[in-house]
Amino acid sequence: MASSLIYLYGRLSLKEIRAAIPAKFFVRDTRRGLLYLARDLLLATVAWSLAAYIDPLFKQSSTRAALSPIGAEVSRWAAWGVYWWFQGLIFTGIWVIGHECGHGAFSDHKWVNDIIGFITHSFLWTPYFSWKISHHRHHSNHASMERDEVYVPKTRSDLGIPAHHDGLDYEEILGDTPIYTLYMLIRQQVLAFPAYLLFNVSGQKTYPKWTNHFDPNSILFTKAQRNAVIMSNLGIAAMVWGVSYSSSIWGASEVTKFYGIPWLCVSHWFIMITYLHHTDPVMPHYRGKEWNFQRGCCDCRPTGPWMAGRFFCTMSLTSMSSPHHGPEATQHLKAFIGDHYVTSDVPAFKALWENYNRCQFVEDEGDVLFYRDRKGQAIRRPADEYRVKSKTQ
């Protein structure tokens, strides 16, 4: 086990961290943001328009004669698969623009942020204002076992695992077949975000049972925020009407092919990015006095060289900085932190599988915690000054 080096971050002030990033990277550019939005909308329109040719092309008698009926059908669904892949990525880009609006990073004008964010997130089934509120609290309390809003680790007692002893068979308790593990992972990728919004799945365990993002009286919101929650709900209601009306005209299968499956891909990409940032065996979670804002923000591991989320950790520390300069700002932050900057070049899908298996639970005791795997083992431990003197650490 390697001793943790994360504690250096707790000695850095937010002022020092911000000073390490040039001031020009904090300048928000509304015009540039709108150009990015226009680009993504254009790409989505082009992809949608091209997809409209898939069924007519592969159902033509000439195509079926050239490829054979089976070959034409296989090619048709392969073409739809290509569309779903790329449209899912494009829709994810649009969702991320709404995310930046929620942080106030898209524009200097709050009304621009809220209008663009409300439209883009409602289009992708995210209650903009409601999620913005809880997401801000998440960033303010990231990696705190008591106060974080999402990706709160399950503890040994949550899973009903007995206290550690030499004869404890973790595989008997946590072991699953690879097929079942794959099924559970796919379920997470497709349903985790809707489940969080609707049922607080993976959220703070101290909240009441029916906590969700749609109830204006939920513990997630203050009385002053209730009208914003209602506005978010109206946006989702408009989407319910829009999808229902579209289905009545073009058919549910067409709406599903053009819009529904790409939206499920958005859920997948969003969960993959955030899960890998928040769930990693080398990054700690904290209890009590060991948590502070800087430590929480630095408890984030960018994974996969191609993922846009590589600079999301920079955004956590400087959430009002311009997203357009994320990669450059990250390089300055990386140089400032030095050897303590934690990253990974493991391919994203491989990292997703490995982290899903390695990150099973954390201990009930201790204030600096690392995930344990299906064998009850952690690949990292707290530095000696933070260790609890027990067999588990």
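Take any residue in the sequence shown, note its place counting from 1, add 740, and you have its number in the working numbering. By construction, the Cβ of each residue, glycine as well, lies at the ideal position given by its N, Cα and C atoms.
Given a threshold of 16 other Cβ atoms within 10 Å of its Cβ, counted over all protein chains shown, does residue i qualify as buried or as exposed?
| i | result |
| --- | --- |
| Gly1116 | buried |
| Pro1002 | buried |
| Phe1051 | Interpretation of Phe1051 is limited by its pLDDT of 44, a score under 50 that renders its predicted location unreliable; no figure is taken from the coordinates. |
| Tyr793 | exposed |
| Lys1029 | exposed |
| Ala992 | exposed |
| Phe1089 | exposed |
| Ser884 | buried |
| Val980 | exposed |
| Arg1098 | buried |
| Val814 | exposed |
| Ile746 | Residue placement at Ile746 is flagged as unreliable, the pLDDT there being 44, under the threshold of 50; the coordinate-derived value follows with that caveat. Ile746 is buried by the Cβ-count criterion. |
| Glu911 | exposed |
| Gly857 | buried |
| His905 | exposed |
| Gln944 | buried |
| Met1012 | buried |
| Thr1019 | buried |
| Ser743 | Its pLDDT being 40, under 50, Ser743 is placed unreliably by the model, and the measurement read from it follows with that caveat. With fewer than 16 Cβ atoms within 10 Å of its Cβ, Ser743 is classed as exposed. |
| Pro902 | exposed |
| Leu937 | buried |
| Asn940 | buried |
| Lys872 | buried |
| Arg1121 | buried |
| Trp824 | buried |
Mind checking who residue i pairs with in its DSSP beta bridge?
| i | result |
| --- | --- |
| His1025 | Leu1109 |
| Ser862 | Answer by DSSP bridge pairing: none, since Ser862 is not bridged. |
| Ser884 | Tyr1026 |
| Phe1101 | Arg1112 |
| Val852 | For Val852, which the question treats as bridged, DSSP gives no partner whatsoever. |
| Val890 | Gly943 |
| Thr895 | Val1102 |
For the candidate residues the options, whose alpha-carbon lies nearest to that of residue i?
| i | options | result |
| --- | --- | --- |
| Asp1113 | Pro1122, Lys799, Val1102 and Ala1123 | Val1102 |
| Arg768 | Phe798, Asn967, Asp780 and His849 | His849 |
| Ile757 | Ala1069, Ile1119 and Asn973 | Ala1069 |
| Gly982 | Ala791, Trp825 and Tyr999 | Tyr999 |
| His878 | Ser1007, Thr1014 and Lys894 | Thr1014 |
| Leu922 | Leu790, Leu1092 and Leu1109 | Leu1092 |
| Phe1110 | Arg1027, Ala812 and Met1023 | Met1023 |
| Leu790 | Val1086, Ser802 and Phe826 | Phe826 |
| Gln928 | Lys764, His876, Trp1009 and His882 | Trp1009 |
| Cys1005 | Pro934, His1065 and Pro796 | Pro934 |
| Thr832 | Gln800, His861 and Ser958 | His861 |
| Gln800 | Tyr920, Arg1027, Arg816 and Trp788 | Arg816 |
| Asp795 | Gly821, Tyr776 and Ala784 | Gly821 |
| His1064 | Leu754, Leu752, Ala759 and Leu777 | Leu777 |
| Val930 | Ser972, Gly828 and Cys1040 | Gly828 |
| Phe1033 | Arg779, His882, Tyr823 and Ser1084 | His882 |
| Leu797 | Arg1120, Leu783, Pro762 and Ala818 | Ala818 |
| Pro1021 | Trp1031, Asn973 and Ser1084 | Ser1084 |
| Gly975 | Tyr891, Gly1106, Phe863 and Leu783 | Phe863 |
| Trp1031 | Ser984, Ile970, Asp1107 and Ala932 | Asp1107 |
| His1017 | Thr785, Pro956 and Val890 | Val890 |
| Arg1035 | Glu994, Val1082 and Val995 | Val1082 |
| Thr996 | Trp788, Val1086, Phe766 and Leu781 | Trp788 |
| Trp762 | Gly1078, Pro1067 and Ile830 | The question names Trp, but residue 762 is Pro in the sequence shown. When only C-alpha atoms are compared, the closest one is Pro1067. |
Taking only beta-carbon positions, decide if residue i is within less than 7 angstroms of chain B.
| i | result |
| --- | --- |
| Ala784 | You won't find chain B in this structure, because it holds only one protein chain. |
Quiz prompt | Inter-stretch contact (C-beta, 8 angstroms, three-pair minimum) for the stretch 839–857 and the stretch 865–881 | solution = yes
Quiz item: Are at least three pairs of beta-carbons, each pair with one atom in the stretch 807–814 and one in the stretch 825–838, less than 8 angstroms apart?
Solution: no
Quiz item: Within the chosen definition, does the stretch 1063–1075 reach the stretch 907–923 through at least 3 CB pairs nearer than 8 angstroms?
Solution: no
Quiz prompt | the stretch 943–951 in contact with the stretch 963–970 per 3-pair CB rule at 8 angstroms | solution = no
Quiz item: Along the chain, which unbroken stretches of the alpha helix (DSSP H) at least 4 residues long are found entirely within the stretch 937–1000?
Solution: 966–990 and 992–995
Exercise. Output the residue ranges of the alpha helix (DSSP H) runs that lie fully inside the stretch 749–805 and measure 4 residues or longer, sorted by chain position.
Key: 754–759, 770–791 and 794–799
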